[in-house]
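Note that numbering that gives the first Met the number 0 has the sequence shown beginning at 0, numbered continuously upward. The next block holds one structure in the form of structure tokens; read it before the comments.
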Amino acid sequence: MKPALVIDPPDWMAAPATVAVMAALTADGAGVRFVGGCVRDAVLGLAGRDVDIATPDPPDRVTALLEAAGIKAVPTGINHGTVTAVTMDRHFEVTTLRRDIETDGRHAVVEYTDDWEADAARRDFTINALYADPDGTIYDPTGGLPDLEAGRLRFVGEPAQRIEEDALRILRFFRFFAYYGQGQPDVASLEACEALAEQVRSLSAERVATELFRLLAAPDPMTALSMMAAAGVLQQVLPEATRLEPLHVLLQIELSADLAPDALLRMATTVAAGEATGLKLAIAIADRLRLSNAQRRRLSELLAPPFEIVPEMSNHEMHVGLYRVGRASFADLVWLNWSRLGVSVSFMPHINMAASWEIPKFTLRGDDVTDLGVDQGPEIGNLLHEVEAWWIAGDFAADRRACLRKLRDLERQVAGGSAAV
Numbered sequence: 000m001k002p003a004l005v006i007d008p009p010d011w012m013a014a015p016a017t018v019a020v021m022a023a024l025t026a027d028g029a030g031v032r033f034v035g036g037c038v039r040d041a042v043l044g045l046a047g048r049d050v051d052i053a054t055p056d057p058p059d060r061v062t063a064l065l066e067a068a069g070i071k072a073v074p075t076g077i078n079h080g081t082v083t084a085v086t087m088d089r090h091f092e093v094t095t096l097r098r099d100i101e102t103d104g105r106h107a108v109v110e111y112t113d114d115w116e117a118d119a120a121r122r123d124f125t126i127n128a129l130y131a132d133p134d135g136t137i138y139d140p141t142g143g144l145p146d147l148e149a150g151r152l153r154f155v156g157e158p159a160q161r162i163e164e165d166a167l168r169i170l171r172f173f174r175f176f177a178y179y180g181q182g183q184p185d186v187a188s189l190e191a192c193e194a195l196a197e198q199v200r201s202l203s204a205e206r207v208a209t210e211l212f213r214l215l216a217a218p219d220p221m222t223a224l225s226m227m228a229a230a231g232v233l234q235q236v237l238p239e240a241t242r243l244e245p246l247h248v249l250l251q252i253e254l255s256a257d258l259a260p261d262a263l264l265r266m267a268t269t270v271a272a273g274e275a276t277g278l279k280l281a282i283a284i285a286d287r288l289r290l291s292n293a294q295r296r297r298l299s300e301l302l303a304p305p306f307e308i309v310p311e312m313s314n315h316e317m318h319v320g321l322y323r324v325g326r327a328s329f330a331d332l333v334w335l336n337w338s339r340l341g342v343s344v345s346f347m348p349h350i351n352m353a354a355s356w357e358i359p360k361f362t363l364r365g366d367d368v369t370d371l372g373v374d375q376g377p378e379i380g381n382l383l384h385e386v387e388a389w390w391i392a393g394d395f396a397a398d399r400r401a402c403l404r405k406l407r408d409l410e411r412q413v414a415g416g417s418a419a420v
């Protein structure tokens, strides 16, 4: 391959861990290069993240070279030629140049090669088929640099063939467009995604969820999601997402309120959940995407909220809401309802309250009731519940001493009623 560009090496290329790994891999004279996203982002001047390395050496030789240099080698993807080098608390995926010789839409059988252009030809998008020497020399065998400059996302080679090799590339197309795309999408690529949309059903829930959440976390995923819906792809992975306008509103709110992107919250805004259907929809989404228990609980609370958030709420009503669900869940419901009602409505008093009000703790316990001579049983819980309801109704103003007085009064009333019977 001929050099296409030379850039100033970013900091991560000169980091001690990177230098050590590259020195180990080139100890026998092999030409080793950085590849993929780390190169793409270096060209764009973006901060480095995961560092991937390509080498013509087979995995067993890679392992031997790393271990000879005192670097831990982990066979994380050995069936596809990937060994992870671990040193100085950094991880580097080192993958042997390869070509796919058999694919089924989910997995590939690979054959190792020393041909850099053959390795590039099997990659997904031109902007991901970039290679770099440690001195900043960039190689571009598929035309990725002009695509990157134009904000054009394009499959390497024939789009349908790339998708047939791995259906996840459909979702990756929209995810990468959300981060790097500009203007109109590549027609051939989009048409292939639309024609093969049903193939995403063959993918594991975990792979789908990972791509979907990465897309939703983009600075502005609206265009990509609209394209997904128009191509029939969104309906395959998230059929509950029947409206996108609330998400557009949430993005505006995020900018004005300096709110960090939140993929799960953004997802919830796209779901039109009624009072009777919210929990059902949350369960369906959580089951299909195999969400974690924490994600499942949060989505259920968003789509089937325990109380209603409205613009006109008194301080006491907001206090009660915060006490019932906590600061984070209260804020979730505020952002969600704000997105549904539009930017012309202001929920800033709610947000300010959630940030500033110190949520009190109800200090009475079962021992406080038994100390009054009440036997173990349901009456303990009933009395505590009544005192707590009185404390809440008084806007949480009563201190522990006042709550104990209220408890004694209620206990006397119960005892007196029992004696009368």
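Ideal placement from N, C-alpha and C gives every residue a C-beta, glycine not left out.
Only residues of its own chain outside the window of five on either side were considered, and among them 94, 97, 107 and 109 have a CB closer than 8 Å to the CB of residue 79, listed in chain order.
Between the stretch 174-187 and the stretch 205-220, the count of C-beta pairs closer than 8 Å reaches three or more; the two stretches touch. Restricting attention to 213, 258, 266 and 260, the CA atom closest to the CA of residue 238 is found in 266.
In this structure, residue 367 keeps its C-beta atom at 8 Å or more from the C-beta atom of residue 409. Counting along the chain, residue 58 sits inside the alpha helix (DSSP H) bounded by residues 58-67. Beta bridge pairing from DSSP links residue 71 with 85.
For residue 145, the enclosing alpha helix (DSSP H) starts and ends at 143-149.
Per DSSP, the unbroken alpha helix (DSSP H) holding residue 329 starts and ends at 326-340. For residue 169, no beta strand (DSSP E) run applies; the uninterrupted alpha helix (DSSP H) run containing it begins and ends at 167-179, by DSSP. Scanning its chain for C-beta atoms nearer than 6 Å, with the 5 sequence neighbours on each side dropped, one finds around residue 56 the residues 29, in chain order.
Taking C-beta atoms as the reference points, residue 53 and residue 82 fail to come closer than 8 Å.
In the DSSP assignment, residue 162 falls within the unbroken alpha helix (DSSP H) covering 158-164.
The Cβ atoms of residue 140 and residue 0 sit closer than 8 Å to each other.
According to the DSSP secondary-structure assignment, residue 33 is paired through a beta bridge with 52 and 131. Ranking 68, 11 and 61 by CA distance to the CA of residue 40 puts 11 first. Take the alpha-carbon of residue 4 and the one of residue 136: they are about 6 Å apart. The beta-bridge partner set that DSSP reports for residue 110 consists of 98. Ranked by Cα distance from residue 149, the options 15, 341, 209 and 43 are led by 43.
If only uninterrupted alpha helix (DSSP H) runs of at least 4 residues are considered, those enclosed by the stretch 348-408 are 365-369 and 377-392.
The continuous stretches of beta strand (DSSP E) do not include residue 6, and DSSP gives it neither H nor E. Cβ-Cβ separation between residue 252 and residue 328: approximately 18 Å, too far for a contact (criterion under 8 Å). For the 8 Å CB-CB criterion, residue 193 and residue 230 form a contact. Each residue's CA atom was taken as its position, placing residue 294 and residue 263 some 8 Å apart. When Cβ pairs closer than 8 Å are counted between the two stretches, the stretch 245-260 is seen not to touch the stretch 193-203, the count staying below three.
Below 8 Å, too few C-beta pairs join the stretch 144-163 and the stretch 67-76 to call them touching: fewer than three.
DSSP places residue 268 inside the alpha helix (DSSP H), whose first and last residues are 262-268. Taken through DSSP and simplified to helix, strand or coil, residue 240 comes out as strand.
Setting aside the 5 residues that flank it on each side, residue 75 is surrounded in the same chain by 81, 82, 83 and 92, each with a C-beta closer than 8 Å to its C-beta; the list follows chain order. Within the same chain, and ignoring the five residues on either side of residue 241 in sequence, the residues whose Cβ sits closer than 8 Å to its Cβ are 269, 270 and 271.
Contact between the stretch 354-365 and the stretch 380-395 is established, with three or more Cβ pairs separated by less than 8 Å. Looking at the backbone, the Cα of residue 311 and that of residue 357 are separated by about 21 Å. Between residue 332 and residue 308 the beta-carbon gap is near 5 Å, inside 8 Å, which marks them as a contact.
Annotation: the continuous beta strand (DSSP E) that includes residue 137 extends over 136-138. Taken atom to atom, the span from the alpha-carbon of residue 120 to that of residue 112 is near 12 Å.
A residue is called buried when at least 16 other Cβ atoms come within 10 angstroms of its Cβ; residue 347 does not meet this threshold and is exposed. For residue 214, the enclosing alpha helix (DSSP H) covers residues 204-215.
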